[in-house]
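J.: Here it is, the structure in full.
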Amino acid sequence: MKLRTIIVAAWLLGGVLLASGETLEECRQLARDNYPLIKRTQLLRMSEQYTVSNIKKGWLPQVEVNVQATYQSGVPALPDAMVGMIESAMGEMKGLKNDQYRIGVDVQQTLYDGGVIGARGSESAAQVAVEQSRNEVDLYAIGSKVNDLYFGILLVEQRMALCAEMQHMLEANEKKIAKMLEGGVAMESDHDAIRAELLGAEQQMASLEMQRASLVRMLSVFCGKPIDGFEMPAGATVLSDDTFARRPETALFDSEIALTRSQERVLDAGLLPRISLFAQGYYGYPSLNMYEDMFRHRMSLNGIVGARVQWTIGNLYGHKNAKALLANRRQQIENSREVFVLNNKMLSAQESEAIVGYAKVIAHDDEIIALLTDVRKAAEAKLEHGIVDVTTLIQHITKENQARINRSNHEIEQMQHIYNLKFINNN
């Protein structure tokens with residue numbers, strides 16, 4: 001029993017001082033880097049580059065190649081009287097054929113698009129910014145889970161250390177009772193009672209070891225590597241911020257507002273005319289000079305160049321309602337921001353009160369432990385003189401141990417509230 005206690009105590013001490021473990025902040029960073037969502041951030045950046053690049057290609061000449069073969073039930077023709085006059089002067093007039101063929105190329109170059117291409121590029125970048133902000137919100141939430149696991153491990157380890165200390169205390173008293181039993185001043189039942197407490201402490205240690213192993217396994221999965229060796233985080237100063245501007249949720253609200261602005265610019269740009277140059281060329285029959293083709297049925301080269309102004313009036317119809325929807329969307333986003341800030345103000349106040357409250361509780365814990373330690377030592381002395389029985393001593397040992405457990409729990413819980421407040425304020 002004593003050897004096991006020494007081994008456990010050494011293992012716990014080694015976990016803090018010797019193991020190549022990570023601090024809480026390092027675990028949070030490892031978990032963030034290991035989480036699959038981090039890869040999505042890189043993919044979103046690549047997606048933005050490709051999408052914006054494709055949109056900007058709208059300024060390049062648009063080329064279309066077409067091949068066409070048709071048969072028409074009717075073709076343009078001159079009146080018979082006019083045909084007779086022309087044939088008498090120019091020879092036989094065959095007229096246009098009903099079957100027609102064309103191989104051509106159409107080229108269009110945008111000169112002015114009302115800002116549609118630029119607005120759509122900004123909209124695409126804004127959409128990706130929203131997705132990246134949402135991704136950051138999800139990644140940030142991992143820190144809270146790591147905090148819970150890390151402080152859970154610290155709580156279990158502290159209880160294990162106190163359990164080992166209690167075992168050591170019980171073993172020391174077991175030796176005393178064994179000597180008293182040999183001297184005839186103690187009963188066998190006294191020895192059995194202290195042995196039962198030792199077995200109970202050993203059972204509790206085994207249960208705590210299982211809890212620790214489970215929590216460490218979960219944290220290791222989060223971090224993507226085996227983690228061992230944990231230490232109490234240092235006390236931290238928390239910067240108060242009623243706007244919570246450092247939180248990724250704030251960046252998400254801002255990016256969502258920016259997206260609605262970009263969408264408004266796309267709507268406004270759609271109201272303006274578009275100006276472009278165009279060129280059409282084809283080899284086929286009939287040519288642009290159909291009258292000449294009435295005399296000669298042959299393929300020829302043809303071309304047209306010009307400028308074009310296009311104005312889609314239909315975009316005006318739903319423009320007002322579309323902008324009203326975007327304005328409504330902005331109001332919803334601002335409302336969500338207000339709810340977020342209010343909720344976090346309440347959480348911040350709650351955590352701050354808890355930190356102050358635990359400071360007072362810990363001060364009382366120290367006083368209680370000091371008093372119970374004196375009572376336990378006095379009971380040990382009285383036991384040697386036969387003034388108290390073993391059951392009374394065990395009760396005092398248990399009370400002192402529970403007081404130490406309470407003090408340890410309060411200390412770690414206070415630190416957890418401090419880091420919860422740091423998480424709320426992102427500092």
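Residue numbers (my numbering): 1 to 427. Beta carbons are placed, not taken as given, at the ideal position from N, Cα and C, and that holds for glycine.
1) Looking only at its own chain, which residues have a Cβ that is under 6 Å from the Cβ of Gly95, when we skip the five neighbours before and after it?
2) Output needed for Ser255: all residues of its chain with C-beta closer than 6 Å, excluding positions within five of it in sequence on either side, in chain order.
3) Quick check: what's the CA-CA separation for Gly118 versus Pro248?
4) Any heavy atom of the ligand PLP within a distance shorter than 6 Å of the CB on Phe423?
5) Relative to the alpha-carbon of Leu272, which residue among Ile313, Arg298, Ser287 has its alpha-carbon at the smallest distance?
6) Quick check: the Cα distance between Arg217 and Leu252, rounded to an integer number of angstroms?
7) Check whether the Cβ atoms of Ala403 and Leu383 sit closer than 7 Å, and answer yes or no.
8) Secondary structure at Asn425, three-state DSSP: helix, strand or coil?
9) Tell me whether the region 329-348 and the region 299-313 touch, counting them as touching only if at least three CB pairs, one residue from each stretch, are closer than 8 Å.
10) What's the C-alpha gap between Ser189 and Gln167?
11) How many angstroms separate the CA atom of Ser300 from the CA atom of Tyr71?
12) Here's the rule I'm using: 16 or more other beta-carbon atoms within 10 Å means buried, otherwise exposed. How should Leu30 be labelled?
13) May I ask which residues mark the beginning and end of the alpha helix (DSSP H) holding Phe222?
14) Report buried or exposed for Ser73, applying the criterion of at least 16 other Cβ atoms within 10 angstroms of its Cβ.
15) Is the CB-CB distance between Glu123 and Val339 below 7 Å?
16) Got a sec? Which residues, its chain only, sit under 7 Å from Ala379 by beta carbon, not counting five neighbours each side?
17) Using the C-alpha atoms, what's the distance from Gly318 back to Leu60?
18) From which residue to which residue does the alpha helix (DSSP H) around Asn321 run?
19) Check the Cβ-Cβ distances between Lys382 and every residue of chain B, and say whether any is below 7 Å.
20) Please classify Met85: is it buried, with 16 or more other beta-carbons within 10 angstroms of its beta-carbon, or exposed?
21) Can you say whether Leu162 is buried or exposed, counting buried as having 16 or more other CB atoms within 10 angstroms of its CB?
22) Classify Gly306 as helix, strand or coil using the three-state DSSP reduction.
23) Should Ser276 and Leu111 be called a contact, given that it needs their Cβ atoms to be closer than 7 Å?
24) On the criterion of 16 or more Cβ atoms from any shown chain inside 10 Å, does Gln416 qualify as buried, or is it exposed?
25) Between the alpha carbons of Asn426 and Leu154, how many angstroms are there, rounded?
26) Taking the C-alpha atoms as reference points, what is the distance between Gln127 and Gln62?
27) Near Ala9, what residues of its chain come up, given a Cβ to Cβ distance below 8 Å and the 5 sequence neighbours on each side ignored?
28) Can you grab the Cα-Cα spacing for the pair Ser53 / Arg212, in whole Å?
29) Going by alpha carbons, who is nearest to Ser262 out of Ala359, Arg329, Asp106, Leu44?
30) Going by DSSP in three states, Thr398 sits in which element: helix, strand or coil?
31) Count the other CB atoms within 10 Å of the CB of Ala201; is the residue buried (16 or more) or exposed (fewer)?
32) Considering just the uninterrupted stretch of the beta strand (DSSP E) at Ala125, what are its terminal residues?
33) Starting from Gln42, follow the alpha helix (DSSP H) in both directions and report where the run begins and ends.
34) My assumption, with CB atoms under 8 Å, is that Gly270 sits in contact with Ile103. Please give the rounded CB distance.
35) Please return the same chain residues whose Cβ sits closer than 6 Å to the Cβ of Glu64, not counting the five positions on each side in sequence.
36) Name the DSSP bridge partner or partners of Met276?
T.: To lay it out plainly:
1) Ala77, Met294
2) Ala129, Val130, Ser133
3) 28 Å
4) Although the ligand PLP was asked about, the structure shown includes no ligands whatsoever.
5) Ile313
6) 33 Å
7) no
8) helix
9) no
10) 19 Å
11) 18 Å
12) buried
13) 188-223
14) exposed
15) no
16) Val388, Thr392, Leu393, His396
17) 30 Å
18) 319-384
19) You won't find chain B in this structure, because it holds only one protein chain.
20) exposed
21) buried
22) strand
23) yes
24) buried
25) 22 Å
26) 26 Å
27) Low confidence applies here, because Ala9 scores a pLDDT of 40, under 50, leaving its location unreliable; read the following figure in that light. Within the same chain, Ala9 has close Cβ partners Ala161, Ala164, Glu165, His168.
28) 52 Å
29) Arg329
30) helix
31) buried
32) Note, Ala125: premise wrong, no beta strand (DSSP E); alpha helix (DSSP H) at 116-182.
33) 37-56
34) Not confirmed; about 35 Å, so no contact.
35) Asp106
36) Strictly speaking, residue 276 in this sequence is Ser, with Met absent from that position. BP columns for Ser276 point to Thr110, Arg308.
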